[in-house]
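Below: the structure, in structure tokens.
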Amino acid sequence: MSIATAPADADHALIERCLTGDNAAWEQVVRLHSRRVYNLCLRFTGRPQDAEDLSQEVFLRLYRNLARYRAESGNFITWLTALTRNLLIDHYRRSRNDRRTDALDDKAEAAWPATTGTGGAGLDHLVWGREAQEYIQRALCRLSPELREVVILRDLQDMDYKSIAAALALPEGTVKSRINRGRIEMARLLRATLGTSVPSVKDPASAKGVQP
Amino acid sequence: MSTTLTCWECEAQLSEYRDGTLAAPSAASVRAHLQACAACGVLAADLNAVSAALGALPQMEPPPRLLAAILVQTAAPLGVPGSAGAARPYPAYPAWSWAGMRAVLFAPRFTLGVAMSVFAVALTINAAQLDLSHVSVADFTPASLAGSVLRQASRVWARGVSYYNDLRVVYEIEAALHQLRQNAPSPPRSEGAPPPAPRTTV
Chain R
1 MSIATAPADA DHALIERCLT GDNAAWEQVV RLHSRRVYNL CLRFTGRPQD
51 AEDLSQEVFL RLYRNLARYR AESGNFITWL TALTRNLLID HYRRSRNDRR
101 TDALDDKAEA AWPATTGTGG AGLDHLVWGR EAQEYIQRAL CRLSPELREV
151 VILRDLQDMD YKSIAAALAL PEGTVKSRIN RGRIEMARLL RATLGTSVPS
201 VKDPASAKGV QP
Chain E
1 MSTTLTCWEC EAQLSEYRDG TLAAPSAASV RAHLQACAAC GVLAADLNAV
51 SAALGALPQM EPPPRLLAAI LVQTAAPLGV PGSAGAARPY PAYPAWSWAG
101 MRAVLFAPRF TLGVAMSVFA VALTINAAQL DLSHVSVADF TPASLAGSVL
151 RQASRVWARG VSYYNDLRVV YEIEAALHQL RQNAPSPPRS EGAPPPAPRT
201 TV
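Each protein sequence line maps, in turn, to chains R and E.
Numbering-wise, the numbering used here puts 187 at position 187 of the first sequence, and it's gapless, one number per residue.
Numbering-wise, the numbering used here puts 131 at position 131 of the second sequence, and it's gapless, one number per residue.
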């Protein structure tokens, strides 16, 4: 799911036009990037309403800080990602208490299948089906925010290690190890959840001798 | 030439192996380990599946109202100092232009401020019992102003003194009554046998 990113020069030119008061340019910036920001927020929070509110906040802050972007003048996508991520982390901290109370409710209505966890098949069948997407989103939301953000940026937003490191202001080595830990944790969560309860599309023989 | 890895070393490089960012010798080491170790092989397959599944999650289209809401909130002019999007309701005007004055005068914040000031002044005048209906220009000479201020001050002082006196009378009466009540029941009691212990009445 790679996202076509406008060349950096085009972004710079657009921002320059915005700063001269060109409304059309600003609208174009919003159109070009709102999908990316919205999806980042949606996958991080797992809630469409939160994603909408946060995206709105991101663009408001972007609008007020366009001049600062021009001064710093790095890659626009990296800069926008950093801004979005900071708001997401703020939101995560703010809503920590809400989540604690929600967790009890969720447990009651949780549609997670019985955790067999014995694992016969691999997780290859995950790509298919709406239900599988639900599981993946839930597993994603159970990752710690540090792991969640890098996994989303790498696998959903298709950013390379270097850009992620720049956006999060982290050393590249840290980003690499977090991505690895995040993916392994996701695999562990999904395997514990799905186990053998969802039939594998692939030939089960290929996953013989599994000892989780 | 590939070196033999422990499972732990292999696990730490699985993502880079998948993403193709490992140097050729390291990649060969990981490949060799995965072929030899069933547990790591399964983990690698799971990790690849997770990564692929995440990549296959559909990109959601933001609701159209999001775009509209963003554009509405950022409708204020940009690039003019003093205006930063929706945070400031006043558009920036050149200093002391008529348009700028009008914008300020008709702003709800300003109007409310004026109304509150008038209310506060009226309240003060009312509390000080000033009569404004007989004010003339002659009252604003320094002498008459000083005179009226003095008059007001002495009136306030006199009122304070009489209030204090009233209070004092009330307290005196109350104290006298209290004393009477204390003294009234004591004679019959003191007639009996000498009290074992002196009673402290105060």
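Glycine included, every Cβ here is placed at the ideal spot set by N, Cα and C.
Cβ pair Arg43(R), Leu156(R) closer than 8 Å: Taking the first residue of the first sequence as position 1, residue 43(R) is located at position 43. Taking the first residue of the first sequence as position 1, residue 156(R) is located at position 156. In contact: Arg43(R) and Leu156(R) (Cβ atoms closer than 8 Å).
CB of Tyr17(E) within 8 Å of CB of Ala27(E), strictly: Numbered from 1 along the second sequence, position 17 holds the residue referred to as residue 17(E). Numbered from 1 along the second sequence, position 27 holds the residue referred to as residue 27(E). Yes, the pair counts as a contact, with Cβ atoms nearer than the cut-off.
Same chain, Cβ closer than 6 Å to Leu145(E), neighbours up to 5 away in sequence not counted: As a working mapping, residue 145(E) is identified with position 145 in the second sequence. Correct list: empty, nothing qualifies.
Local Cβ density within 10 Å of Trp157(E), reported as buried at 16 or more and exposed below that: The residue given as residue 157(E) occupies position 157 in the second sequence. Exposed: under 16 other Cβ atoms inside 10 Å.
Cutoff 8 Å: Glu61(E) Cβ touching any chain R Cβ: Taking the second sequence and counting its residues from 1, the one referred to as residue 61(E) is at position 61. True, the Cβ-Cβ gap to chain R drops below 8 Å.
Residues in the region 28-45 of chain R having any Cβ partner in chain E nearer than 9 Å: Val30, Arg31, Ser34, Arg35, Arg36, Val37, Tyr38, Asn39, Leu42, Arg43
Buried versus exposed, by CB contacts within 10 Å (16 or more), Thr74(E): As a first step, residue 74(E) must be located in the second sequence, where it is residue number 74. Classification for Thr74(E): buried.
Meets three-Cβ-pair contact criterion under 8 Å: the region 176-192 of chain R and the region 40-57 of chain E: Contact holds: three or more Cβ-Cβ distances are below 8 Å.
Cβ neighbours of Pro171(R) in the same chain (closer than 7 Å, five flanking residues each side left out): Translated into positions along the first sequence, residue 171(R) becomes position 171. Result list for Pro171(R): Ala165, in chain order.
Where Arg18(E) falls: helix, strand or coil (DSSP): Residue numbering aside, residue 18(E) sits at position 18 when the second sequence is read from its first letter. In this structure, Arg18(E) counts as helix in the three-state DSSP scheme.
Alpha carbon of Met186(R) to alpha carbon of Arg93(R), nearest angstrom: Counted from its first residue, the first sequence places residue 186(R) at position 186. Counted from its first residue, the first sequence places residue 93(R) at position 93. Cα to Cα, the separation comes out at about 22 Å.
8 Å Cβ cut-off: residues of chain E touching Val151(R): For the purposes of this step, residue 151(R) is taken as residue 151 along the first sequence, with counting starting at 1. Leu54, listed in chain order.
Minimum C-alpha distance to Ala56(E) - residue among Asp9(R), Asp158(R), Val150(R): As a working note, residue 56(E) is residue 56 in the second sequence. Ranking Asp9(R), Asp158(R), Val150(R) by Cα distance to Ala56(E) puts Asp158(R) first.
Outcome for Trp8(E) when other beta-carbon atoms lying within 10 angstroms are tallied against a minimum of 16: Walking along the second sequence from the start, residue 8(E) turns up at place 8. The residue is exposed, with fewer than 16 neighbouring Cβ atoms inside 10 Å.
Ala214(R) - containing alpha helix (DSSP H), residue span: Because chain R spans 1 through 212 in this model, residue 214(R) falls outside it and cannot be assessed.
Interface residues of the region 159-170 of chain R facing chain E [CB-CB below 9 Å]: Asp160, Tyr161
Chain-ordered chain R contacts of Leu14(E) [CB-CB under 9 Å]: Your numbering for residue 14(E) matches position 14 in the second sequence. Annotation: Cβ neighbours of Leu14(E) in chain R (cutoff 9 Å, chain order): Asn180, Arg183, Ile184.
Proximal residues of chain R, C-beta to C-beta of Gln73(E) below 9 Å: As a working mapping, residue 73(E) is identified with position 73 in the second sequence. Per Cβ cutoff of 9 Å: Gln56, Phe59, Leu60, Tyr63.
Same chain, Cβ closer than 6 Å to Ala39(E), neighbours up to 5 away in sequence not counted: Residue numbering aside, residue 39(E) sits at position 39 when the second sequence is read from its first letter. Closer than 6 Å at the Cβ level, and outside the excluded window around Ala39(E), lies no residue.
Given Val72(E) as reference, the closest of Asn180(R), Phe59(R), Tyr69(R), His91(R) once Cα atoms are compared: The residue given as residue 72(E) occupies position 72 in the second sequence. The residue with the shortest Cα to Cα distance from Val72(E) is Phe59(R).
Chain E within 8 Å of Gln133(R), Cβ atoms only: Taking the first residue of the first sequence as position 1, residue 133(R) is located at position 133. Yes, contact with chain E.
Neighbouring residues, chain R, relative to Leu66(E) (Cβ below 7 Å): The sequence position of residue 66(E) within the second sequence is 66, counting from 1. By Cβ distance, chain R contributes Ser34, Tyr38, Glu52, Ser55, Gln56.
C-beta neighbour in chain E for Leu88(R), strict 8 Å: Against the first sequence, residue 88(R) aligns to sequence position 88. By this cut-off, Leu88(R) is not an interface position.
Integer-rounded CB distance, given that Leu66(R) should sit under 8 Å from Cys18(R): Position 18 of the first sequence, counted from the start, is the residue given in the question as residue 18(R). Position 66 of the first sequence, counted from the start, is the residue given in the question as residue 66(R). Distance from Cys18(R) to Leu66(R) at the Cβ level is roughly 6 Å; contact confirmed, criterion being Cβ atoms closer than 8 Å.
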